[in-house]
Amino acid sequence: MPFSPFVTGLNRPVEAAALNVGIGQGGAFVDNSLEDEFKLIAINITGTVHLAKRVVQHMVPNKRGRILITSSVSATLPTPYETVYGPSKAFGFMFAESLREELRETGVTVTALLPGATDSQFHKNAGMGTSAIDGGKKNDKTEVARQGFGALMNDVDHVVGGDAETKQQVVDNRRTPEPEKAARHAKLTRLQG
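Counting along the sequence shown from 1, when you hit position 22 you're at 313 in the numbering used here, and nothing is skipped either side.
Here's what the structure looks like:
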């Protein structure tokens with residue numbers, strides 16, 4: 292199935308696509324419903340692959356295009372109390388990296404955006420309104436979007452969306468043992484009360 296009639300009806304090539312696909316699901320894995328976990332996988336993973344397939348099949352014959360795939364800082368660490376969300380975003384990050392290399396000679400570029408906690412309703416919508424991360428410091432969503440757009444337009448491999456502290460967190464995640472990162476994340480995401 293190609294693009295929607297709306298897109299094809301424009302009679303012009305798609306030059307850029309932002310695949311900002313994703314939902315969150317907070318709470319303990321043992322307590323969350325299997326259906327909710329499958330829904331998250333269907334949206335975050337299957338949805339990203341589906342959209343990317345349509346965009347790539349359109350752009351490659353045109354020999355040009357830019358794709359931005361939104362992942363998350365959560366792709367760089369274990370995410371207890373978001374136990375399926377983090378791995379789904381790790382998939383998105385590695386998918387973007389893989390696709391970027393595969394499309395290297397086609398004229399189509401792929402950039403991954405890894406936002407940190409961002410000023411939006413994401414955590415509340417994920418059922419995490421009582422977590423420390425929901426009440427904590429968050430990055431400005433306009434600035435995160437600007438950083439993603441800048442990286443996309445400059446053919447940057449990936450960009451961490453947020454302030455200097457958020458960017459440093461990803462650097463630190465590369466050299467911090469997994470159990471330590473998991474324990475730190477659990478304190479931020481465990482639901483209170």
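By construction, the Cβ of each residue, glycine as well, lies at the ideal position given by its N, Cα and C atoms. Note that the structure is a prediction, hence the values are computed from the model and not measured.
Rounded to whole angstroms, what's the CA-CA distance from Tyr-372 to Ala-387? Just pull it up for me. To locate residue 372, count along the sequence shown from 1; it is residue 81. To locate residue 387, count along the sequence shown from 1; it is residue 96. When rounded, the distance between both Cα atoms is 25 Å.
Going along the chain, which unbroken runs of the beta strand (DSSP E) with 3 or more residues stay wholly within the stretch 404 to 465? 449 to 452
In angstroms, rounded to a whole number, what distance separates the CA positions of Lys-478 and Lys-458? Working through the sequence shown from its first residue, we reach residue 478 at position 187. Working through the sequence shown from its first residue, we reach residue 458 at position 167. Answer to the nearest angstrom: the Cα atoms are 20 Å apart.
Is Gly-398 near Arg-466, with beta carbons less than 9 Å apart? Start at 1 with the first residue of the sequence shown, and residue 398 comes out as number 107. Start at 1 with the first residue of the sequence shown, and residue 466 comes out as number 175. Contact: no.
Which of helix, strand or coil does DSSP assign to Thr-397? Working through the sequence shown from its first residue, we reach residue 397 at position 106. Coil.
Could you check how far apart the C-beta atoms of Ser-422 and Gln-483 are, in whole angstroms? I think they sit under 8 Å. Reading the sequence shown from its first residue, position 131 is the one you call residue 422. Reading the sequence shown from its first residue, position 192 is the one you call residue 483. That belief holds up - the Cβ atoms of Ser-422 and Gln-483 are roughly 7 Å apart, short of 8 Å.
Can you list, in chain order, the residues of its chain with a C-beta nearer than 6 Å to that of Phe-320? Leave out the 5 residues immediately preceding and following it. If you number the sequence shown from 1, residue 320 lands on position 29. For Phe-320, the CB contacts under 6 Å within the same chain, skipping 5 residues up- and downstream, are Thr-374 in chain order.
Enclosing alpha helix (DSSP H) for Gly-300 [first to last residue]: On the sequence shown, residue 300 is found 9 positions in, with the first residue counted as 1. It spans 296 to 300 - the alpha helix (DSSP H) in which Gly-300 sits, taken as one unbroken run.
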